[in-house]
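A short write-up of the structure that comes next.
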Amino acid sequence: MSTVSDARRSEIRERILQTASDLFYLEGLNSVGVNRIIEEADVAKATFYRYFPSKELLVLAYLDEMDRPWVAALRAAAGSDPRPAAERLMAMFDVLLWDGHPEDYRGAAFLKASAEASTGSVVQLRVAQHRAGVLAWICRMCRQAGAANPDGLAKTLALLLEGALALGMPTPDPRTSPVARAAARQIIDEALR
Numbered sequence: 001m002s003t004v005s006d007a008r009r010s011e012i013r014e015r016i017l018q019t020a021s022d023l024f025y026l027e028g029l030n031s032v033g034v035n036r037i038i039e040e041a042d043v044a045k046a047t048f049y050r051y052f053p054s055k056e057l058l059v060l061a062y063l064d065e066m067d068r069p070w071v072a073a074l075r076a077a078a079g080s081d082p083r084p085a086a087e088r089l090m091a092m093f094d095v096l097l098w099d100g101h102p103e104d105y106r107g108a109a110f111l112k113a114s115a116e117a118s119t120g121s122v123v124q125l126r127v128a129q130h131r132a133g134v135l136a137w138i139c140r141m142c143r144q145a146g147a148a149n150p151d152g153l154a155k156t157l158a159l160l161l162e163g164a165l166a167l168g169m170p171t172p173d174p175r176t177s178p179v180a181r182a183a184a185r186q187i188i189d190e191a192l193r
């Protein structure tokens, strides 16, 4: 019996989180209130607060949900196969290719959250953790590629990656990814000489 209720609790939490995620992504963190999430998720207010005692905790859960697939996509693109490390670095920029549905793209969740978060808030700290994690991973890749200045190369590539994502807001441009990729190629080639 507890398995059924555990599964039901998980389903309710997931429904709240999915509803909030859709709304946050489309409309922004500050534009969406708890009452709207409660209404669209079709849950009672008490149920909502049982799973997410504050909107801030819900936003953190949303960012965690957005972090996983983005980091997984970067790592999958770069892979751990025997390609040269420089090619694996370049592959990060393949993640920027729009999936053929630019009308669905509303920008990178972490860039948008950073713009909306209050200075010193836990949301801003979570965004900083995300960026630091991605940067550390890129830096490891730069070291593997043999860059003379892996930290500098990693920061440059992270800046290029975030800049390309930012250019996708509010309207994605299919030319952004090839331009970012070409710039990355030049930067990587120069850094690895």
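Letter 139 of the sequence shown, counting from 1, is numbered 139 in this note's numbering, and no numbers are missing.
Built from N, CA and C at the ideal position, the CB exists for glycine as well.
Bear in mind that the values here come from a model prediction, so they are computed numbers and not experimental data.
Coil, strand or helix - residue i by DSSP
{"i": "Thr119", "result": "coil"}
{"i": "Asn35", "result": "helix"}
{"i": "Asp169", "result": "Note that residue 169 corresponds to Met in the displayed sequence, not to Asp. Coil at Met169, not helix or strand."}
{"i": "Pro69", "result": "helix"}
{"i": "Val43", "result": "coil"}
{"i": "Asp151", "result": "helix"}
{"i": "Phe93", "result": "helix"}
{"i": "Ala108", "result": "coil"}
{"i": "Leu192", "result": "coil"}
{"i": "Ser5", "result": "helix"}
{"i": "Arg145", "result": "Per the sequence presented here, residue 145 reads as Ala, with Arg not at that position. Note: Ala145 maps to coil in three-state DSSP."}
{"i": "Val134", "result": "helix"}
{"i": "Leu160", "result": "helix"}
{"i": "Phe48", "result": "helix"}
{"i": "Arg175", "result": "coil"}
{"i": "Asp81", "result": "coil"}
{"i": "Leu29", "result": "coil"}
{"i": "Ser10", "result": "helix"}
{"i": "Ser21", "result": "helix"}
{"i": "Ser114", "result": "helix"}
Buried or exposed by the 16-neighbour rule on C-beta atoms within 10 Å, applied to residue i
{"i": "Leu157", "result": "buried"}
{"i": "Arg88", "result": "buried"}
{"i": "His101", "result": "In this prediction, His101 scores a pLDDT of 48, lower than 50, which makes its location untrustworthy; the coordinate-derived value is nonetheless stated afterwards. His101 should be labelled exposed."}
{"i": "Arg126", "result": "buried"}
{"i": "Lys45", "result": "exposed"}
{"i": "Ser177", "result": "buried"}
{"i": "Ala132", "result": "exposed"}
{"i": "Leu26", "result": "exposed"}
{"i": "Pro172", "result": "buried"}
{"i": "Leu23", "result": "buried"}
Given residue i as reference, the closest of the options once Cα atoms are compared
{"i": "Gly28", "options": "Ala46, Gly168 and Ala109", "result": "Ala109"}
{"i": "Ile187", "options": "Pro150, Ser31 and Ala46", "result": "Pro150"}
{"i": "Arg175", "options": "Arg75, Gln129, Leu96 and Val122", "result": "Leu96"}
{"i": "Phe52", "options": "Asp67, Ala115, Val34 and Glu65", "result": "Val34"}
{"i": "Met92", "options": "Arg181, Glu190, Ala191 and Leu192", "result": "Arg181"}
{"i": "Leu165", "options": "Arg36, Leu111 and Asp81", "result": "Leu111"}
{"i": "Tyr62", "options": "Arg50, Asp173, Glu190 and Arg13", "result": "Arg13"}
{"i": "Ala148", "options": "Arg9, Ile138 and Leu192", "result": "Leu192"}
{"i": "His130", "options": "Ile138, Asp67, Arg185 and Asp189", "result": "Asp67"}
{"i": "Ala74", "options": "Leu167, Asp94, Ala184 and Ala117", "result": "Looking at the sequence itself, residue 74 is Leu, so the reference to Ala does not match. It is Asp94 whose Cα lies nearest to the Cα of Leu74."}
{"i": "Arg185", "options": "Val71, Leu135 and Leu153", "result": "Leu153"}
{"i": "Val179", "options": "Trp137, Met90 and Glu190", "result": "Met90"}
{"i": "Asp64", "options": "Glu162, Ile138 and Val122", "result": "Val122"}
{"i": "Ala117", "options": "Ser31, Ala7 and Asp22", "result": "Ser31"}
{"i": "Ser80", "options": "Thr47, Trp137, Gly120 and Tyr49", "result": "Trp137"}
Practice task
Mind the definition here: the region 15-26 touches the region 40-56 only if three or more C-beta pairs lie below 8 Å; say whether that holds.
Solution key: Contact holds between the region 15-26 and the region 40-56, because three or more Cβ pairs, one in each stretch, are under 8 Å apart.
Exercise for the section: Give a yes or no on contact between the region 55-62 and the region 136-145, applying the rule of three or more CB pairs nearer than 8 Å. Expected result: These segments do not touch.
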